[in-house]
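Chains as they are written, first to last, in our numbering: chain A, 1 to 274; chain B, 1001 to 1324.
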């Protein structure tokens, strides 16, 4: 980019960005606003932007959905899958980054390849496996399958973070009498905290937003909020307004977290390439 | 094994530990111990992925050679490549492959074009640009099922904020953009672009920010105009980021499911029946496990071919770059 852009060029650039921003955010704004619209304003013909705000839709959400249960399911599934993935993925990423064997890079690519598998290819046999061992319809089944893609992601992501740490750090600690596990846990791990936060954020997002696995592996009493979102549309009494209100609990929390932790979110997207 | 007792040594008056009395304690050399430690750290993830991802995949390969339907399990029979030849002979399956290919190529192309423009606009390092980037990434975080539902509502021809006006100005048929077989797929491409263009822009922007400023300044001093700079200087240097962005989005677009499921569910008239939708319907709606597995495996083969082609392409590009 040129060093000193003219004021008009700068203005044009910003105006263009503002317009683009408006286009990308308008659908979200609509989703939020529709939650506060009474049904007759949503179905106005012709459609209008003005409405009398109401909280009826939120009342309906509580009437039609066991919201606490849905959020509980989503939280258990996404936190469970994230904890499992980090617990086994981060040490593996470290091992691959520190191994001197030529197998290590091959294994790292193996984990990367696992992430490119279309979900349906694992879902069908996994569905039958879960049926056979009686886990179909449980949170456990969804956690297990969510954690495969997430583990592969965490391994690759943490591999890329640990690789940037000089080996000398742990080697110095070892000379000072630190044990091998100590070198990993107390020396290397604290230095890649941003990587851990970014991994966790994207794992939570992936599991929270997942629809395909959850919709086929859970039952009515164990389904997460992402699955309820679609049934919200299918039910007759329920309008777009209820969907908008429900999205306040399903979609907006993730949006808010990603905005708050934007730095980590960007790191996760660019380095882990989820 | 000899029991070594620890007893006071009368001559020196010190207590000798058992270890001191065993001359050479068996201890692995350090590099072996470290190797064992690293294997121990890596093993759980590897075993996990082998059990929960690779084992099901292997079973999927096995299923694809059987005529296996959950609704009539008694009639299960080995059919060899029967499911694959049925797939090839099946009109709907072939159409699904074509739809998926069109969707993938078009969505990635649109997202790349828009994403590159957006990345160039975001390139300047200012608070305004940084804030824009943060806000532009919001669509990436929205539940894909919700994305589908949002656009389904907005595009509804009878009451949708966009759809109503499109229909009343004759820009869409009476069934709306998503209800017309001719416009449904392009509309889904646009919806996918809404969600993923910012991601494309982010990857390209990361590439732009890592470019050496000397080369860019040199081009400017040489009097190259903006378009020449982009074509002759920026894009060639940006190649790694471009490759990465294209590959990531291609893999994801090829596997699209949620947005299609919550808008058209493959319709109207199979116009948006991408392979994921097709395989899920065959497998989990009609319980045609054998055939659905064949579709899923076909997808894996496509992705594998694409990955290898991509790696070869990158290698060649690297060689060219090194040669020049």
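Ideal Cβ placement from N, Cα and C applies to all residues, glycine included.
Item	Value
May I have the straight-line CA-CA distance separating residue 1190(B) from residue 127(A), to the nearest angstrom?	33 Å
Along the chain, which unbroken stretches of the alpha helix (DSSP H) at least 4 residues long are found entirely within the region 1122 to 1200 of chain B?	1127 to 1136, 1138 to 1141, 1144 to 1155, 1163 to 1168
With a cut-off of 8 Å on the beta carbons, I'd call residue 121(A) and residue 1299(B) a contact; round off their distance for me.	7 Å
Does residue 1260(B) get closer than 8 Å to chain A when you measure Cβ to Cβ?	no
Measure the beta-carbon distance from residue 1063(B) to residue 46(A) and round it to whole angstroms, keeping in mind my assumption that it falls under 8 Å.	Actually they are not in contact, since the Cβ atoms of residue 1063(B) and residue 46(A) sit about 52 Å apart, beyond 8 Å.
Excluding the 5 residues preceding and the 5 following residue 1077(B) in the sequence, name in chain order all residues of the same chain whose CB lies nearer than 8 Å to its CB.	1066, 1067
According to DSSP, is residue 1045(B) helix, strand or coil?	helix
By alpha-carbon positions, which one of 250(A), 254(A), 17(A) ends up nearest to residue 1126(B)?	17(A)
Would you list the one or two residues that DSSP bridges to residue 137(A)?	218(A)
Under a Cβ-count criterion, where at least 16 other Cβ atoms within 10 Å of its own Cβ denotes burial, should residue 1085(B) be classed as buried or exposed?	exposed
Check each candidate in 1143(B), 1120(B), 1311(B) and name the one with the smallest Cα separation from residue 1132(B).	1120(B)
So what does residue 1078(B) bridge to, in DSSP terms?	1066(B)
In whole angstroms, what is the alpha-carbon distance linking residue 1288(B) and residue 1070(B)?	7 Å
Starting from residue 73(A) and walking both ways along the alpha helix (DSSP H), at which residues does that stretch end?	67 to 98
Tell whether a beta-carbon distance below 8 Å holds between residue 1027(B) and residue 119(A).	no
Using a Cβ-Cβ cut-off of 8 Å (strictly less than) and excluding sequence neighbours within five positions of residue 1350(B), which residues of its own chain qualify?	Beyond the ends of chain B as shown, which are 1001 and 1324, falls residue 1350(B); an answer cannot be given.
Beta-carbon of residue 1149(B) versus every beta-carbon of chain A: anything under 8 Å?	yes
Under the rule that 16 or more other beta-carbon atoms within 10 Å means buried, what is residue 36(A), buried or exposed?	buried
In whole angstroms, what separates the C-alpha of residue 32(A) from that of residue 1155(B)?	17 Å
I'd like the span of the alpha helix (DSSP H) that includes residue 199(A), first residue to last.	193 to 209
What residue from 23(A), 268(A), 224(A), 8(A) has the CA that sits closest to residue 981(B)'s CA?	With chain B covering 1001 to 1324 only, the question about residue 981(B) has no answer from this structure.
Could you name the residues of chain B that residue 156(A) contacts, counting a contact when the two beta carbons are closer than 7 Å?	Residues of chain B passing the Cβ test: none, with the nearest at roughly 11 Å.
Touching or not, the region 1184 to 1204 of chain B and the region 257 to 274 of chain A, by the rule of three or more beta carbon pairs under 8 Å?	yes
Is the Cβ of residue 124(A) closer than 8 Å to any Cβ of chain B?	yes
Can you tell me whether residue 1224(B) is helix, strand or coil according to DSSP?	coil
Compare the Cα-Cα distances from residue 1075(B) to each of 1290(B), 1226(B), 1208(B), 1295(B) and report the closest residue.	1290(B)
Around the C-beta of residue 223(A), are 16 or more other C-beta atoms found within 10 angstroms, so that it is buried, or is it exposed?	buried
Given that residue 1187(B) touches chain A, what residues does it touch there, using C-beta distances under 7 Å?	By Cβ distance, chain A contributes nothing, its closest Cβ being about 13 Å from residue 1187(B), past 7 Å.
Is it right to say residue 132(A) is buried, meaning 16 or more other beta carbons lie within 10 angstroms of its own, or is it exposed?	exposed
Look at the Cβ atom of residue 209(A), then the Cβ atom of residue 1143(B), and state whether they are nearer than 8 Å.	yes
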